[in-house]
Amino acid sequence: MAALDGTTAIVTGSSRGIGADVAKLLADQGAAVVVNYRQKAPRAAKVVAGIEAAGGKAVAVGADLTTAEGSAALIQAAVDNFGGLGLLVLNASGGMESGVEEDYALKLNRDAQVNMLRAAMDVMPSGSRVVFITSHQAHFINTVPTMAAYEAVARSKRAGEDALRELLPELEAKGITLVVVSGDMIEGTVTATLLDRATPGAIEARREQAGRLYSVAEFAAEIAKMATADVPSGHTEYVGGYEYFTK
């Protein structure tokens, strides 16, 4: 049997990039996957088609996580299509996009994460897992400064992580574990591209500091491992460049 046979997973923000790769990897391990998108339905449909072509099960669901209706739609899709929910991967994040409201980063990176988890807790049985994805630049923002263009997003993601950790006692009471995966700047992501545009040379500078940067596929593989890793609730898994932030 594959490691995730019989498990249903929701991966937020999974129509492209890291989330899409995580969804495919979880499906390869036997999970039925709810692929979440906000606006890019064709991209999400392509992810689902790829999973199904490989023999897996998936469904695409359009949902804005900053609304209660969005969280509810994802959970309902997991229950209706696959009978439940045993794995929640909180990958969706943002705040650097143009044209968003001033407090959008906090709404998505903190409030939406907590609301999504609270809603999911109602249907997740004992033994379920939640994986929250963040960056070293956000995880260590209180001790290591980051680029000015990313600071507001970094602080909102750290606020999201802190708020999720405050739920650890409730999660423990339900038998649900929370794992945080923190990664360095990832080559090929939208965030890295926007940062390099705002601060020319940012990617190359970070690559030199870290020795190398992980690709989207490499980082996604590390996230997928945490779906079943034997680690305690509250564990933080550091992926790439960790030493720079702790020296």
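Counting in this note's numbering, the sequence shown runs from 484 upward without gaps. Glycine is no exception: its CB is placed at the ideal position from the N, C-alpha and C atoms.
Note that the C-beta distance between L557 and N519 is below 8 angstroms. Y697 is not a Cβ neighbour of H619, given a cutoff of 8 angstroms. Following the DSSP letters along the chain, one finds Y520 inside the beta strand (DSSP E) bounded by residues 515-520.
Under DSSP, the beta-bridge partners assigned to V722 are G666. A distance below 6 angstroms between beta-carbons, with the five flanking residues on each side excluded, links A588 to the following residues of its chain, in chain order: G578, A635, V636, S639. Within the same chain, Cβ atoms closer than 7 angstroms to the Cβ of S498 are found at V518, Y520, K523, R526, A527, V530, the five residues on either side in sequence being excluded. Contact between the segment 701-712 and the segment 640-650 is absent: fewer than three C-beta pairs spanning the two stretches fall below 8 angstroms. The distance from the Cβ of A561 to that of L568 is about 4 angstroms, consistent with a contact at the 8 angstroms cut-off. I534 and E691 have their alpha carbons spaced roughly 36 angstroms apart. Each residue's CA atom was taken as its position, placing A536 and N625 some 44 angstroms apart. V572 and I493 have their alpha carbons spaced roughly 6 angstroms apart.
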